[in-house]
Amino acid sequence: VLLLLLLALALVVSVVVYRAAFPGTTAQRVAAAPLPALGFDGDAAVARFAAGLRIPTISWGRGGVLDAEAFGGLREHLRASFPLVHSALEVEYVNEWTLLLTWRGSDAALDPLVLMAHQDVVPIVEESREDWVQPPFSGAVEEGTVWGRGALDDKASLFAILEATEALLREGFVPTRSVILLFGHDEEIGGGQGAGAAAALLAERGIRPFMVLDEGGGVTQGILPGIDFPVALVGVAEKGFVTLELVV
Numbered sequence: 103v104l105l106l107l108l109l110a111l112a113l114v115v116s117v118v119v120y121r122a123a124f125p126g127t128t129a130q131r132v133a134a135a136p137l138p139a140l141g142f143d144g145d146a147a148v149a150r151f152a153a154g155l156r157i158p159t160i161s162w163g164r165g166g167v168l169d170a171e172a173f174g175g176l177r178e179h180l181r182a183s184f185p186l187v188h189s190a191l192e193v194e195y196v197n198e199w200t201l202l203l204t205w206r207g208s209d210a211a212l213d214p215l216v217l218m219a220h221q222d223v224v225p226i227v228e229e230s231r232e233d234w235v236q237p238p239f240s241g242a243v244e245e246g247t248v249w250g251r252g253a254l255d256d257k258a259s260l261f262a263i264l265e266a267t268e269a270l271l272r273e274g275f276v277p278t279r280s281v282i283l284l285f286g287h288d289e290e291i292g293g294g295q296g297a298g299a300a301a302a303l304l305a306e307r308g309i310r311p312f313m314v315l316d317e318g319g320g321v322t323q324g325i326l327p328g329i330d331f332p333v334a335l336v337g338v339a340e341k342g343f344v345t346l347e348l349v350v
């Protein structure tokens with residue numbers, strides 16, 4: 103058995119090394135001209151982001167009830183903050199709270215790009231409140247740092263996508279392929295009612311995305327030995343889980 107495992111490992115390593123050395127047609131470099139710089143008010147964007155962090159859109163597991171007041175408050179904040187997005191794009195709500203926005207491109211024959219983020223955050227462990235430098239939903243901005251639950255996971259992506267879309271709309275930009283913005287409301291508890299339901303809806307409509315970009319990881323520095331510059335991990339699959347029972 104050990105010999106078979108070693109042979110399997112050697113085969114996997116050989117395939118990986120070969121694919122890295124001879125990527126063939128799977129690795130492509132696409133030339134794309136950079137877009138012109140857009141006018142952008144960074145301070146106003148930070149203020150909008152911080153205000154979004156003050157809204158406690160918590161996903162409660164184990165049968166917890168969704169806080170309609172909080173999610174409704176975030177919805178109204180997004181409408182007020184990004185008026186062009188909500189007027190120029192097709193706006194739908196899946197299972198009432200997941201936001202599905204369609205930005206029609208100039209070439210309807212092309213498969214769309216899907217950009218994803220999620221509105222919900224995980225609860226606060228009450229015993230940990232004293233460990234917080236700032237209150238969890240303060241939205242405080244100090245010395246270039248924005249504090250609050252969801253600042254990284256994942257309202258940063260949510261607001262960044264909407265800020266970019268609003269700025270492009272302001273300049274009259276029209277994408278070549280359609281762009282679908284999908285912002286789920288229950289990612290932290292599995293996403294079945296949010297992004298999962300929206301994906302099923304898109305499939306029913308015969309929409310097969312050209313590419314889907316979801317939350318992703320962080321940009322880290324000092325994590326890998328010998329590398330002293332920032333490194334980003336490109337994730338190519340969804341995370342999973344495994345349950346083990348250990349008997350001694």
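Each residue of the sequence shown is one higher than the last, beginning at 103 in this note's numbering.
Cβ coordinates follow ideal geometry from the N, Cα and C atoms, glycine included.
- At least 9 Å separates the beta-carbon of PHE312 from that of PRO238.
- Rounded to whole angstroms, the gap between the alpha carbons of LEU315 and VAL350 is 43 Å.
- By the CB criterion at 9 Å, LYS257 and GLN295 fall outside the cutoff.
- Scanning PRO327, ILE263 and ARG272 for the CA closest to the CA of PHE151 turns up ILE263.
- The residues GLU290, in chain order, have a CB closer than 6 Å to that of VAL224 in the same chain once the five nearest residues on each side in sequence are set aside.
- HIS220: not part of any alpha helix (DSSP H); member of the beta strand (DSSP E) spanning 215-220, first to last residue.
- DSSP places VAL196 in no alpha helix (DSSP H) but in the uninterrupted beta strand (DSSP E) bounded by 192-196.
- For THR204, no alpha helix (DSSP H) encloses it; the enclosing beta strand (DSSP E) starts and ends at 200-205.
- In terms of Cβ geometry, LEU176 and GLU192 do not form a close pair [threshold 9 Å].
- Listed as beta-bridge partners of LEU315 by DSSP are LEU217.
- LEU186 has its alpha-carbon roughly 20 Å from the corresponding atom of LEU137.
- Per DSSP, the continuous alpha helix (DSSP H) segment holding PHE261 begins and ends at 257-272.
- CA-CA distance, ALA210 to THR278, rounds to 8 Å.
- The distance from the Cβ of PRO158 to that of ALA172 is about 5 Å, consistent with a contact at the 8 Å cut-off.
- Counting C-beta pairs closer than 8 Å gives fewer than three between the region 297-306 and the region 231-249, which falls short of the contact rule.
- Rounded to the nearest whole angstrom, the C-alpha separation of PHE343 and GLY324 is 27 Å.
- Taking C-beta atoms under 8 Å as the contact rule, LEU140 and GLU265 fail to qualify, at a distance of about 10 Å.
- Taken through DSSP and simplified to helix, strand or coil, ILE226 comes out as coil.
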